[in-house]
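Residue numbers (our numbering), protein chains in the order written: chain A, 1 to 430; chain B, 431 to 860.
In structure tokens form, the structure reads like this:
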């Protein structure tokens, strides 16, 4: 039976909005936003979109008018009453009132700040400037909008059955991954794929397929809206933007060297247990760990987000052992460039030696490789990063120099301050 | 948006009926029924279900109560006003009023006669007895019910996403066949898959996918209901039941030898053009053609439904040539055991030498091979045949002895009368 009301409703849309909720974003964004709102509410930052896959010419694919409509729509969003109630009342990581009344009062009234959009060399220059806690909220929806508009552009000329078969193939592909992971004992894998998802509906499907296929091995999703709608755990801790902005604000080299630890010191005051996860690679994992203060050794785990993941995990294990900790009590979360095979490999290697978790992103929510003519839906590496704070450029070194960011002279200075030598390059596919 | 009314409606069903319309059947059944109704309205026949794939133990898989409910539901069906209007008013094979007012008056009031159902050796013995024009209408819905109930039994324990992926895989498989066929020039292929379809909805999907994927190369469907709903050509001519019953009614060997030509003589009076398609294999193609009267040489084409299809088509071509006809004006319709590869092969071989058409059955509407655990959805060879007329057994020899039917002494008599010698066995998969 045709649902006439739905159909008429759909006709009424001026656009089909890609992001329809302020909590259609990663959970860690909200955790970080709370910290930033409490400690640095007026710090001026600039976030900027960066497409690392230059041969995907987004400005040729995506109509500027459509992009503006989607971004403008996001600026009309504010927290709904139900969303506010959920954030205030739900238990996150076993804790009630994760979000303080002060943060919630602010968040319930926030709107996203203006954006600046220009075309250059077949790419969009999309930047956001203003108070850190507001600007940072743009990252995930901006990425999701670009990813989905690119997908829509490719799908526009396909027939109805061609489309259905495209999604049939994508479902089959994803299900084969689920079947590949199902036999793994004690697997713990979460969806981290919001930012580079094919679409909201597809991410929602992927999450439900993981839930049915993996049961308790599927630990939740980073997407707050999907976690709320599907009654799942919202997953995530913190990201590179905190050390990058803290570092940019440092006045001296000595302050710069301390900045990454300052971030975690603030975090230590606010969070405990499974939220105490170190992200050590912003300025090189080895140096970060070797200079880490003792209180960090007691943290629950480490997230490996660049470089060779085996090497990263082995480095963490050796570090814990050298500091007298038993790695079997520690959590290693892998979140970089994962696919089913890589998850199997890492789980097999490290299970039993440490507690292992996976934050599975692009290849969970956007593996349409080989499914469109000319592979036009292949994922690509789009990021939205803090590029400046209070007028100073930010820097990221990473454990993979292809993920490094910042002006050359600042990179050199950071390498000196953090004692980073030669690094091994790894392809950045997603 | 959930369609509450649909959901409540679904809850109200005592059963989910598999066959919901008297025209959810093959077009040729109705054409033949009209002939039979006009010429043999009170001939007593018995139709019986025969599962050639003995290791698919239908009585173990399918609940007898469910089967009876489905069959009882079919007995409640009568032609709807819209269906009657369509049959009376639509153009079939370029002809208006294909169905006579006399036939339509009868058909609009017909209900299907009782059935007899017993379990034996893990199979169902399902038979239908009575007036030929009524009993013959059971064949297609009875087969469709058994096929779909077997599928439902296999699917019953699957999860929601497991099911979605199952259909995703089946869609992908079918679409790959469509893509395989798309490059063929002058392809003409129709859906002949009603009787052994996975389900009505799946057949409907397959038809629409063929329509989008092949465009005018998809010439229509044998299913009248789908033809009506999707505004397609209804396709089909005649089947083995006519010569089988005519032969069983013959009083002497001389009459028996003439029976297959009597069938086509009656057909000749009623139909012209593309409906004049010879089905020559009931008692051996070679003998049938060599003894055929001259007026049959002028018919439009031949349908190859058993034996080696290349040999069958070559035999037909040689026959036309020997009788002074140009094969390029003739139509050869292949309808036995087709899949995409076989269609490509036959089309490549015969295109240009004759006009080629394909009636694609089971592997179009029920290719779920390899998609369920234990290959429990693999197609199997189920038929429903006229086994007796006026108390005498029917006989079919076919061009493949594995498709032969009838008591041994009658088979021997028919082989003698029709001069059929050694035959080559071919596997009967569907």
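All C-beta atoms, glycine included, are put in the ideal place defined by N, C-alpha and C.
Listed by position along chain B, the residues whose Cβ is nearer than 8 Å to that of residue 340(A) form an empty set, because the closest Cβ is around 15 Å away.
Per DSSP, residue 478(B) is not a residue of any alpha helix (DSSP H); the beta strand (DSSP E) it occupies stretches across 474-481. For residue 598(B), the nearest CB of chain A lies under 7 Å from its own CB, placing it at the interface with that chain. Here residue 607(B) is buried, its C-beta having at least 16 other C-beta atoms within 10 Å. In chain order, 608 place their CB closer than 6 Å to the CB of residue 643(B), counting only its own chain and leaving out the 5 sequence neighbours on each side. Residue 123(A) is positioned such that its CB atom lies no closer than 7 Å to that of residue 71(A). Those residues of the stretch 3-15 of chain A placed with their C-beta closer than 9 Å to a C-beta in chain B are 3, 5, 6, 9, ordered along the chain. Cβ neighbours of residue 658(B) within its own chain (closer than 6 Å, five residues either side excluded): 516.
Cβ neighbours of residue 21(A) within its own chain (closer than 6 Å, five residues either side excluded): 225.
In the three-state DSSP reduction, residue 503(B) falls in the helix class (H, G or I). Chain-ordered, the chain A residues with CB closer than 8 Å to the CB of residue 602(B) read 165, 168, 169, 172. Where residue 161(A) is concerned, the enclosing alpha helix (DSSP H) starts and stops at 160-181. For residue 528(B), the three-state secondary structure derived from DSSP is coil. Taken in chain order, the complete beta strand (DSSP E) segments of 3 or more residues contained in the stretch 311-394 of chain A are 331-334, 355-360, 382-389. Residue 209(A) has a beta carbon lying within less than 7 Å of a beta carbon in chain B. Note on residue 436(B): under 16 other CB atoms within 10 angstroms of its CB, so exposed under the neighbour-count rule. In the three-state reduction of the DSSP assignment, residue 449(B) falls in the coil class, being assigned neither a helical nor a strand state.
Of the other Cβ atoms in all chains shown, fewer than 16 fall within 10 Å of the Cβ of residue 60(A); this residue is therefore exposed. Contact of residue 750(B) with chain A is not assigned, every C-beta pair being separated by 7 Å or more. Within a 10 Å sphere around the beta-carbon of residue 102(A) sit fewer than 16 other beta-carbons, which makes this residue exposed. By the neighbour-count criterion, in which 16 or more other beta carbons inside 10 Å mark a residue as buried, residue 695(B) falls on the exposed side.
Per DSSP, reduced to three states, the secondary structure at residue 124(A) is strand. Close to chain A, meaning a Cβ-Cβ distance shorter than 8 Å, is no residue of the stretch 799-812 of chain B at all. Taken through DSSP and simplified to helix, strand or coil, residue 515(B) comes out as helix. With a threshold of 7 Å between beta carbons, residue 159(A) makes contact with chain B.
Neighbourhood of residue 213(A) in chain B, by CB distance below 7 Å: 591, in chain order.
Of all C-beta pairs linking the stretch 180-189 of chain A to the stretch 342-362 of chain A, three or more are shorter than 8 Å, placing the two stretches in contact. Proximity of the stretch 267-280 of chain A to the stretch 389-398 of chain A falls short of the contact definition, fewer than three beta-carbon pairs being nearer than 8 Å.
Using a C-beta cut-off of 8 Å, the stretch 554-566 of chain B makes contact with the stretch 462-472 of chain B, since at least three inter-stretch Cβ pairs fall below that distance. Taking C-alpha positions only, residue 155(A) is separated from residue 164(A) by approximately 11 Å. Residue environment analysis places residue 13(A) among the exposed positions, since fewer than 16 neighbouring C-beta atoms fall within 10 angstroms of its C-beta. When the beta-carbon positions are compared, residue 194(A) and residue 140(A) come within less than 7 Å of each other. Residue-level contact by beta carbon holds for residue 605(B) and chain A, with a gap shorter than 7 Å. Annotation for residue 739(B): 764, 766, 776 place their beta carbon closer than 7 Å to its own, counting only its chain and skipping 5 residues before and after.
Taking each of 677(B), 630(B), 746(B), 524(B) in turn and checking the Cα distance to residue 794(B), the smallest one comes out for 630(B). Beta-bridge analysis with DSSP links residue 545(B) to 558(B).
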